[in-house]
Amino acid sequence: MANLKSTIQLTVELDENRVPEKLNWTAEDGGITNEEAKAMMLSVWDSKAQESLRIDLWTKDMPVDEMKVFFHQTLVAMSDTFNRATQDEKMTATMKDFCDYFAEKLELNKD
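The numbering of the sequence shown is my numbering, which starts it at 21 and goes up by one.
Okay, structure coming up:
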């Protein structure tokens, strides 16, 4: 059986001050080709150093209200991932409670 390999490509266009102006990503296995994004968060676990390495980028035209929603949705997704990875229902519920609190304080659930 051959080893399968998948590539995810991130492209960041910077202005003269090295501030992101444009973010694009490609994940051909997922049917994504050079799609534009306004923000991204990438975490990688370095097992040797026992630490997370992060890349957090957003374009200078990313609206603050969209950034708040992006953070909320990311926190909810992290809670779901934590649950799948650990099956720790009690901590997952605590994390979800925080997500609800976060949304309430930012008034993200307003009608």
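Every residue, glycine too, gets a C-beta built ideally from N, C-alpha and C. These figures come from a predicted structure and were not determined experimentally.
Excluding sequence positions up to five away, which residues of its chain have a Cβ less than 7 Å from the Cβ of residue i?
i           : result
residue 89  : 128
residue 122 : 92 and 95
residue 35  : 41
residue 53  : 46
Among residues of its own chain, excluding the 5 on either side of residue i, which ones have a beta-carbon nearer than 8 Å to its beta-carbon?
i           : result
residue 60  : 30, 43, 45, 75, 76, 77 and 78
residue 115 : 95, 98, 99 and 102
Which residue or residues does DSSP assign as beta-bridge partners of residue i?
i           : result
residue 61  : 76
residue 40  : 34
residue 114 : Bridge partners of residue 114: none, in fact.
residue 28  : For residue 28, which the question treats as bridged, DSSP gives no partner whatsoever.
residue 16  : Because the chain in this structure spans residues 21 to 131, residue 16 falls outside the shown range and cannot be described.
Hey, out of the options, whose CA is closest to residue i's CA?
i          : options              : result
residue 50 : 26, 34 and 65        : 26
residue 57 : 102, 112 and 33      : 33
residue 84 : 126, 109 and 68      : 126
residue 55 : 28, 22 and 73        : 28
residue 38 : 124, 80, 117 and 119 : 80
Run the CB neighbour count on residue i, radius 10 Å, all protein chains shown included, and call it buried at 16 or more, exposed below.
i          : result
residue 99 : buried
For residue i, report the span of its beta strand (DSSP E) as first-last.
i          : result
residue 69 : Neither: residue 69 is in no beta strand (DSSP E) and is coded neither H nor E.
How would you write the range of the alpha helix (DSSP H) that residue i sits in, first residue to last?
i           : result
residue 101 : 84-106
Any heavy atom of the ligand FAD closer than 7 Å to the Cβ of residue i?
i          : result
residue 41 : Within the structure as shown, the ligand FAD is missing, as the structure has no ligands at all.
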